[in-house]
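Student: Here it is: the structure, laid out below.
2 protein chains.
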Amino acid sequence: MLEGFFNPRSVAIVGASREEGKTGHSIISNIVKYGFPGKIYPVNPKASEIMGLTSYPNLLSIEGDIDLAVIVIPPKFILDAIDECAKKGIKSVIIISAGFKETGGEGRRLETEVANKARGYGIRLLGPNCLGLIDTGSMLNASFAAGMPPKGKIAFFSQSGALCTAILDWAVGNNVGFSKFISLGNKADLSELELIRYLADDPETSVILGYLEGVEKGREFMDEARKAARKKPLIVVKAGGTAAGARAASSHTGTLAGADRAFQAAFDQSGIIRAMSIEDLFDYALSFAGQPLPSGPRLAIITNAGGPGIIAADACERFRVELAELSGDTINKLRESLPPVAGFFNPVDVIGDARADRYEAAVNTVLSDPNVNGALVILTPQAMTEVEKTADIVANASRSGKPLIASFMGEASIKGAVDILRKGGVPNYPYPERGVKSFASMVRYAQWLKEPEPVIGSFEADRKKVEEIIASARKEDRLELGEKEAREVIKAYGFRIPKAMMARTSEEAAIVARGIGFPVVMKISSPDILHKTEVGGVKVGLASEEEVEKAFLEITSNASRRMPKALIWGVSVQEMVKKGKEVIVGMSKDHNFGPLLMFGLGGIYVEVLKDVSFRVAPVGKIDIERMISEIRSYPLLKGVRGEAPSDIDALIEGIQRLSQLVTDFPEIIEMDINPLVVLPKGEGVIAIDARMTIE
Amino acid sequence: MLEGFFNPRSVAIVGASREEGKTGHSIISNIVKYGFPGKIYPVNPKASEIMGLTSYPNLLSIEGDIDLAVIVIPPKFILDAIDECAKKGIKSVIIISAGFKETGGEGRRLETEVANKARGYGIRLLGPNCLGLIDTGSMLNASFAAGMPPKGKIAFFSQSGALCTAILDWAVGNNVGFSKFISLGNKADLSELELIRYLADDPETSVILGYLEGVEKGREFMDEARKAARKKPLIVVKAGGTAAGARAASSHTGTLAGADRAFQAAFDQSGIIRAMSIEDLFDYALSFAGQPLPSGPRLAIITNAGGPGIIAADACERFRVELAELSGDTINKLRESLPPVAGFFNPVDVIGDARADRYEAAVNTVLSDPNVNGALVILTPQAMTEVEKTADIVANASRSGKPLIASFMGEASIKGAVDILRKGGVPNYPYPERGVKSFASMVRYAQWLKEPEPVIGSFEADRKKVEEIIASARKEDRLELGEKEAREVIKAYGFRIPKAMMARTSEEAAIVARGIGFPVVMKISSPDILHKTEVGGVKVGLASEEEVEKAFLEITSNASRRMPKALIWGVSVQEMVKKGKEVIVGMSKDHNFGPLLMFGLGGIYVEVLKDVSFRVAPVGKIDIERMISEIRSYPLLKGVRGEAPSDIDALIEGIQRLSQLVTDFPEIIEMDINPLVVLPKGEGVIAIDARMTIE
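Protein sequence lines correspond, in order, to chains A and B.
If you count the first sequence from 1, position 336 lands on 335 in numbering that gives the first Met the number 0, and the numbers rise without skipping.
If you count the second sequence from 1, position 302 lands on 301 in numbering that gives the first Met the number 0, and the numbers rise without skipping.
Here it is, written out as structure tokens:
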């Protein structure tokens with residue numbers, strides 16, 4: 000679909016200029032200079048020739064077919080230019096020009112108009128307000144960037160044009176190869192969505208990198224990303240939005256959720272490797288581009304210096320990489336080829352006076368150990384060190400099928416070696432920690448690839464009942480559902496709730512309690528009171544009719560004293576649930592990704608320790624398992640100090656049902672089931688209380 | 000004291016060699032080549048002249064005085080060489096040669112002998128097994144490293160010689176200035192202790208960097224480090240020891256403590272800035288060396304590109320730096336000098352087409368805002384960008400008295416600018432995150448400098464009583480103190496403990512309980528039973544004589560059923576303490592730093608969430624305050640949901656008393672007070688239970 004952008008047979012530059020320093024000149028000059036082999040048509044009514052090429056007054060005066068138009072003219076002329084493109088049959092257009100959405104008001108309107116017009120003609124747009132694109136395979140540099148990166152397997156798309164410039168400058172300076180560079184600009188039409196889809200199938204790209212500040216269609220993005228990540232690593236830096244969103248939240252979930260939590264969840268579920276900095280992004284990319292994936296987490300370290308070896312071992316612990324335990328066989332072989340003072344265990348220390356032959360023996364021996372899934376070779380330039388010869392050896396050893404990463408430390412004396420390593424596809428990191436961190440990212444990705452595709456379960460549910468409840472609340476203009484309604488909703492989706500009935504007088508309460516069986520719990524019922532405990536609206540363990548009658552009077556008088564304006568429906572008398580672990584599950588609508596599910600242990604774990612985890616609904620079982628186990632207090636669910644384990648299977652099903660509910664009813668914008676009591680294994684879960692807000 | 004090493008008037012090289020490639024040649028060649036202005040005496044019985052200098056057969060044949068000897072001969076000749084040094088009156092000796100402690104057995108013995116001999120003569124030793132040292136001020140390169148760094152204000156000492164080599168190579172390649180480079184080697188005599196003391200007063204050094212794998216004398220190290228850190232930043236990478244120590248622990252504190260926890264605590268208490276990687280070490284160093292300290296945490300960001308600005312703002316959140324809120328005045332001034340589409344709030348976006356003048360206006364305006372404590376200037380090389388001119392402006396603005404940090408991104412096009420910045424003392428980071436992280440390290444250090452010196456409190460205590468208890472346990476060869484003994488010990492140090500008495504029969508228990516007052520708690524008393532609850536050895540809330548008698552029988556039969564071999568002293572009947580927050584305070588002896596105190600909330604917070612903090616005893620009040628507040632569950636002590644706050648002052652005093660106890664009695668190697676109940680504010684703390692192990 001995007002072939003017209005990356006492999007055009009002919010390019011027209013609308014707004015090409017003879018004047019150096021102008022963007023319209025940089026573009027045509029880059030196209031010509033970097034050897035684009037197709038037809039190049041400058042369009043400029045005021046010139047007859049630009050850079051030795053015939054210039055045309057407009058697109059229609061060009062005789063041949065045109066695959067791609069690059070537009071560099073002021074915004075006000077662009078609507079006409081799109082008309083011309085359509086008449087000329089051009090299907091792919093890059094708008095470099097700025098002055099659109101980013102300037103607000105008028106610019107935003109114009110951008111929408113341009114996008115609509117293009118859509119009407121079946122034209123795809125990249126930009127506006129972008130740097131353009133570069134394809135090293137087709138030798139097309141349709142950008143105004145200074146420089147062209149070498150050919151390589153890394154593709155980079157970016158929502159920041161300036162970041163493209165800086166990275167390009169870095170790539171040229173360090174000779175790092177790229178397949179494609181795409182500046183997304185304002186994303187009036189093409190966004191990360193189409194780019195990811197295209198790059199996933201691009202044979203010239205083996206690693207996809209992205210810089211994003213936001214996504215347009217969260218769910219589609221996740222689907223597209225997951226498909227791509229199954230084919231090749233997709234590494235993304237997400238910037239912005241660390242500060243929580245502005246919407247006032249009425250639930251715990253709403254309070255704790257935030258844009259960054261949603262992105263993290265979406266990335267986790269889609270197999271996207273999240274880089275937390277630009278440095279990490281490219282560090283990871285170099286490992287993925289040059290090396291095979293490790294089949295396990297066990298790393299061997301080979302070094303000619305103790306200190307950096309220790310630093311690398313520390314980094315293994317920090318980034319959750321295992322230090323491989325070398326086999327007896329390997330250690331014996333190492334003893335044969337290394338001096339007696341060498342270190343034979345991982346990290347393997349070939350000692351400061353090691354020449355290349357010692358590295359060769361160590362690297363090959365270690366890589367052939369089945370306990371080793373990859374190796375990090377550390378070199379410090381010492382008196383006897385054969386820096387470049389060692390680089391040759393490492394570059395050759397890298398064909399073992401296991402990933403090999405280097406950390407040749409220093410600057411002046413290792414320049415040549417780093418070149419040799421790069422040519423051999425071995426990434427070199429100036430410090431061992433960064434090598435270990437990159438290896439860790441490969442380990443994580445390789446593990447994800449082995450996981451089965453998540454299956455979204457489907458449970459029987461009384462959808463009609465929920466529709467009715469929501470309709471009736473809407474009729475009364477209530478956005479916050481009453482407690483009873485919220486309980487009915489989750490009951491309709493298969494949650495077990497305690498026996499309960501509303502009582503309007505203390506006498507009714509006593510009757511109901513006797514019917515349910517003692518002891519009971521009593522709670523104020525009011526659409527206006529969210530935090531029942533705080534107004535003295537809850538009593539537990541009531542064991543007799545007298546206690547129930549007394550509690551009724553206390554609860555209602557507490558509530559009307561503390562919240563005199565609250566509408567009070569009565570007091571709910573409930574079955575007292577036997578002891579289990581109280582958890583909270585909830586949902587809050589995220590701006591980018593829709594329903595964001597939350598899970599945590601109830602009470603202080605959520606409120607004080609904020610020990611919660613998030614996933615985007617709908618969510619598969621495997622993701623829910625991870626969601627549950629990633630909170631710090633997870634051991635409490637599994638059971639500590641000989642305690643019986645909780646019914647985690649039932650909890651998983653509960654979250655699946657919640658996921659189905661909020662997916663079926665996008666009008667629910669926030670909800671908590673709190674507490675959801677997880678009983679001991681085999682006994683299920685019971686939802687004690689719920690609250691819910693609709694749109 | 001170390002002047003003989005860094006400013007010698009004359010140097011002898013024992014083992015100087017004519018042969019290139021030999022260490023003895025590299026040393027003399029470095030001393031000559033880099034222009035050491037003093038006298039140079041090669042010593043080599045087989046040569047009459049080396050590098051144009053007269054060579055001597057031995058030290059005694061040299062006529063002039065010698066301040067420093069550098070020894071590069073095989074280990075077996077070194078004892079004689081030390082004798083010669085003594086005869087010649089040499090007080091400072093560097094032993095480069097390897098073959099000592101690092102080779103084990105014989106080498107270790109020889110090293111001790113050499114060190115003892117030197118000590119006897121009053122000779123100070125650097126090494127053995129080291130790279131030597133470099134002083135750019137006295138133009139002395141007494142090392143076998145390849146290259147000499149430019150002059151600068153950073154001093155670096157390292158326990159890894161190879162790391163010195165690599166860093167030196169990096170410094171030469173990147174033109175980074177250093178005052179001194181010291182390779183500590185095996186630390187047979189001089190260690191980080193003397194180096195830190197010397198460098199703290201060295202006028203040519205403004206930042207001290209260190210790489211350490213361990214310290215010899217933990218407490219002295221802390222004292223020396225704190226004194227140095229008051230004078231100039233001391234930044235240290237500590238490598239190794241992330242895996243917990245091997246000693247089997249009998250207390251919670253012992254289980255959770257580890258070498259790395261101890262180092263972290265020691266660094267925190269001493270004002271040492273801990274770098275978690277070599278990259279961070281030098282990143283921080285560049286900021287500290289070139290820029291003044293910020294007077295607060297508020298950073299302004301100036302950028303010509305939105306993306307990197309957002310990345311920097313994200314990093315502020317991550318590294319706990321505040322984004323400065325610009326004053327109305329500043330924003331108005333910015334509106335006057337920047338185009339209307341610019342960003343006037345922090346991050347200030349001067350827009351992609353900014354030339355140097357726009358940067359100049361923005362940087363100066365922002366720096367003069369009193370709400371701003373420092374600024375980060377981001378530049379991406381775009382078409383109109385005046386890269387070097389902007390660097391000039393930033394370098395000049397850096398004289399404002401506020402720290403200024405740069406992130407000029409890219410490689411090829413910014414090389415010249417980075418040079419300009421460096422000359423102006425402005426550190427440049429390839430990615431803005433690293434700039435923000437470095438600013439954060441300055442903020443933290445500046446805050447520490449403002450803190451008062453910690454005062455170690457002293458409380459009245461019955462020291463004699465503790466001596467007696469320990470003596471009696473020792474007499475019986477018991478290393479584990481009994482519960483009663485442990486309680487007596489802490490009582491002697493001022494801990495309030497519940498009324499309690501031992502009962503040997505159920506009748507005695509009833510009598511005691513009546514005397515104490517109901518309800519009571521009962522606990523098995525046995526030197527062999529550590530986890531009382533788990534053997535059914537604890538009953539609480541016993542409200543009558545009958546209940547107490549019954550409990551006595553149950554507890555003793557539970558204990559003898561589950562631990563038939565345990566010696567049972569009886570059952571302790573205790574006052575039931577009213578509700579408070581249960582915390583645990585404890586101590587475990589650390590290999591490097593001695594008594595390491597631990598604090599955490601009791602039960603699952605310690606056991607499951609491992610939410611604990613550590614400090615090295617003796618510890619001042621201010622450090623205890625931080626120790627208490629840094630656990631995640633701290634809000635529970637302050638009181639959540641309208642709960643009364645706990646008596647944190649009493650808790651602080653309790654930890655001070657514990658600190659005094661374990662400092663007075665170094666023979667205590669492990670102890671827990673668990674639980675220590677912290678009552679509501681004003682009501683104090685009560686120690687319920689304690690355990691203690693002595694040496």
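Note that beta-carbon positions come from the ideal geometry of N, C-alpha and C, so glycine has one too.
#1: Specify, as a first and last residue, the run of the alpha helix (DSSP H) that L541 (chain A) falls within.
#2: Report the CB separation of L208 (chain B) from L280 (chain B) in whole angstroms; it is logged as a contact under 8 Å.
#3: When the Cα atoms are used, what is the spatial distance from S367 (chain A) to I350 (chain A)?
#4: Decide if A686 (chain B) is buried, meaning its Cβ has at least 16 other Cβ atoms within 10 Å, or exposed.
#5: Relative to chain A, which residues along the stretch 399–410 of chain B have a C-beta separation below 8 Å, given in chain order?
#6: Could you give the residue range of the alpha helix (DSSP H) that holds V684 (chain A)?
#7: Shorter than 8 Å from the beta carbon of G244 (chain B) to some beta carbon of chain A?
#8: Of all Cβ atoms in chain A, is any one closer than 8 Å to the Cβ of T379 (chain B)?
#9: With DSSP as the reference, identify every bridge partner of Y55 (chain B), one or two as the case may be.
#10: Taking 8 Å as the CB-CB cut-off, is P338 (chain B) touching chain A?
#11: Starting from T102 (chain B), find everything on chain A with Cβ-Cβ shorter than 7 Å and list it in chain order.
#12: Using the Cα positions of P202 (chain A) and F592 (chain A), report the straight-line distance between them to the nearest angstrom.
#13: Take the Cβ of D64 (chain A) as the centre, count every other Cβ of all protein chains shown within 10 Å, and call the residue buried at 16 or more, exposed below.
#14: Going by DSSP, what residues sit across from E669 (chain B) in a beta bridge?
#15: For the stretch 102–117 of chain A against the stretch 140–147 of chain A, do three or more pairs of beta-carbon atoms, one drawn from each stretch, fall closer than 8 Å, so that the two count as touching?
#16: Alpha carbon to alpha carbon, how far is G516 (chain A) from E574 (chain A)?
#17: Using the beta-carbon of each residue, which ones in chain E are nearer than 7 Å to I309 (chain A)?
#18: Going by alpha carbons, who is nearest to E459 (chain A) out of A:R433, A:Y430, A:A491 and A:A485?
#19: Short of 6 Å in beta carbon distance, which residues of its chain neighbour F239 (chain A), apart from the five on each side in sequence? Order them along the chain.
#20: Where do the N-terminal and C-terminal ends of the alpha helix (DSSP H) with S60 (chain A) fall, by residue?
#21: Tell me the residue span of the alpha helix (DSSP H) that contains T364 (chain A).
#22: Can you list the residues of chain B that G172 (chain A) reaches, using a CB-CB cut of under 9 Å?
#23: Given a threshold of 16 other Cβ atoms within 10 Å of its Cβ, counted over all protein chains shown, does K75 (chain B) qualify as buried or as exposed?
#24: Run the CB neighbour count on A470 (chain A), radius 10 Å, all protein chains shown included, and call it buried at 16 or more, exposed below.
#25: Alpha carbon to alpha carbon, how far is L678 (chain A) from V584 (chain A)?
#26: Can you pull the DSSP bridge partners for M383 (chain B)?
#27: For K90 (chain B) and M50 (chain B), I'd like the C-alpha separation in whole angstroms.
#28: Should the stretch 425–437 of chain A be regarded as contacting the stretch 596–612 of chain A, the criterion being three or more beta carbon pairs within less than 8 Å?
#29: Quick one, which residues of the stretch 18–29 of chain A are near chain B if we go by CB-CB under 8 Å, in chain order?
#30: Against chain A, does Q263 (chain B) count as a neighbour if the rule is that its beta carbon must be under 8 Å from one of theirs?
#31: Counting only beta-carbon atoms, is L608 (chain B) nearer than 8 Å to chain A?
#32: What does the Cβ neighbour count give for D622 (chain B), buried or exposed, with the cut at 16 atoms within 10 Å?
#33: Comparing the C-beta of R123 (chain A) with each C-beta of chain B, is any distance below 8 Å?
#34: Checking the sheet assignment: what are the DSSP bridge partners for A144 (chain A)?
#35: Put D79 (chain B) into one of helix, strand or coil per three-state DSSP.
#36: Suppose only complete runs of 3+ residues qualify. What are the beta strand (DSSP E) ranges in the stretch 585–663 of chain A, listed by chain order?
Tutor: Taking the coordinates as given:
#1: What you label residue 541 (chain A) is simply residue 542 of the first sequence in a count that begins at 1. No alpha helix (DSSP H) contains L541 (chain A), which is instead part of the beta strand (DSSP E) from V537 to L541.
#2: As a working note, residue 208 (chain B) is residue 209 in the second sequence. As a working note, residue 280 (chain B) is residue 281 in the second sequence. Yes, L208 (chain B) and L280 (chain B) are in contact; Cβ-Cβ is about 6 Å, under 8 Å.
#3: The residue given as residue 367 (chain A) occupies position 368 in the first sequence. The residue given as residue 350 (chain A) occupies position 351 in the first sequence. S367 (chain A) and I350 (chain A): Cα-Cα distance of roughly 21 Å.
#4: As a first step, residue 686 (chain B) must be located in the second sequence, where it is residue number 687. So A686 (chain B) ends up on the buried side.
#5: M408, G409 and E410
#6: Working through the first sequence from its first residue, we reach residue 684 (chain A) at position 685. From DSSP, V684 (chain A) is part of no alpha helix (DSSP H) but of the beta strand (DSSP E) over V684 to A686.
#7: The count along the second sequence starts at 1 and reaches residue 244 (chain B) at position 245. Confidence at G244 (chain B) is low in this model, with a pLDDT of 36, below 50, so the placement of that residue is unreliable and no value is reported for it.
#8: Within the second sequence, residue 379 (chain B) is the residue found at index 380, counting from 1. Judged by the 8 Å Cβ criterion, T379 (chain B) is in contact with chain A.
#9: Translated into positions along the second sequence, residue 55 (chain B) becomes position 56. In DSSP, Y55 (chain B) forms a bridge with B:V42.
#10: By 1-based counting over the second sequence, the position of residue 338 (chain B) is 339. Not an interface residue.
#11: Stepping through the second sequence from its first residue, residue 102 (chain B) is reached at position 103. V340, listed in chain order.
#12: Along the first sequence, one-based indexing puts residue 202 (chain A) at 203. Along the first sequence, one-based indexing puts residue 592 (chain A) at 593. Rounded to whole angstroms, P202 (chain A) to F592 (chain A) spans 30 Å at the Cα level.
#13: For the purposes of this step, residue 64 (chain A) is taken as the residue at position 65 of the first sequence. Label assigned to D64 (chain A): exposed.
#14: Taking the second sequence and counting its residues from 1, the one referred to as residue 669 (chain B) is at position 670. Paired residue(s): B:S587 and B:T692.
#15: no
#16: Mapped onto the first sequence, residue 516 (chain A) falls at position 517. Mapped onto the first sequence, residue 574 (chain A) falls at position 575. The alpha-carbon atoms of G516 (chain A) and E574 (chain A) are separated by roughly 7 Å.
#17: In the structure shown, chain E cannot be found, because the protein chains are A and B.
#18: For the purposes of this step, residue 459 (chain A) is identified with residue 460 of the first sequence, where counting begins at 1. Closest option to E459 (chain A), Cα to Cα, is A:A491.
#19: Mapped onto the first sequence, residue 239 (chain A) falls at position 240. Correcting the residue identity first, residue 239 (chain A) is Gly in this sequence and not Phe. Closer than 6 Å at Cβ, skipping near neighbours: E212.
#20: The residue you call residue 60 (chain A) lines up with position 61 of the first sequence. Element bounds for S60 (chain A): n/a, residue is neither H nor E.
#21: Counted from its first residue, the first sequence places residue 364 (chain A) at position 365. Element bounds for T364 (chain A): A355 to L366.
#22: In the first sequence, residue 172 (chain A) corresponds to position 173, counting from 1. Going along chain B in sequence order, the residues near G172 (chain A) (Cβ under 9 Å) are G409, E410, A411, S412, I413 and K414.
#23: By 1-based counting over the second sequence, the position of residue 75 (chain B) is 76. So K75 (chain B) ends up on the exposed side.
#24: As a first step, residue 470 (chain A) is located in the first sequence; it is residue number 471 there, counting from the start. With fewer than 16 other Cβ atoms within 10 Å, it is exposed.
#25: In the first sequence, the residue the question calls residue 678 (chain A) occupies position 679. In the first sequence, the residue the question calls residue 584 (chain A) occupies position 585. The straight-line gap from Cα to Cα measures roughly 15 Å.
#26: Translated into the one-based positions of the second sequence, residue 383 (chain B) becomes position 384. Paired residues: none, contrary to the question.
#27: Position 91 of the second sequence, counted from the first residue, corresponds to residue 90 (chain B). Position 51 of the second sequence, counted from the first residue, corresponds to residue 50 (chain B). About 26 Å.
#28: no
#29: G20, T22 and S25
#30: Taking the first residue of the second sequence as position 1, residue 263 (chain B) is located at position 264. Chain A, which has no Cβ nearer than 8 Å to the Cβ of Q263 (chain B), makes this no.
#31: Working through the second sequence from its first residue, we reach residue 608 (chain B) at position 609. By this cut-off, L608 (chain B) is an interface position.
#32: As a first step, residue 622 (chain B) must be located in the second sequence, where it is residue number 623. D622 (chain B) is buried by the Cβ-count criterion.
#33: As a first step, residue 123 (chain A) must be located in the first sequence, where it is residue number 124. Closer than 8 Å: no.
#34: The sequence position of residue 144 (chain A) within the first sequence is 145, counting from 1. Its beta-bridge partners do not exist; DSSP assigns none.
#35: Sequence index remark: in the second sequence, residue 79 (chain B) carries index 80 (1-based). Looking at D79 (chain B) - three-state DSSP - the assignment turns out to be helix.
#36: 593–600 and 611–615
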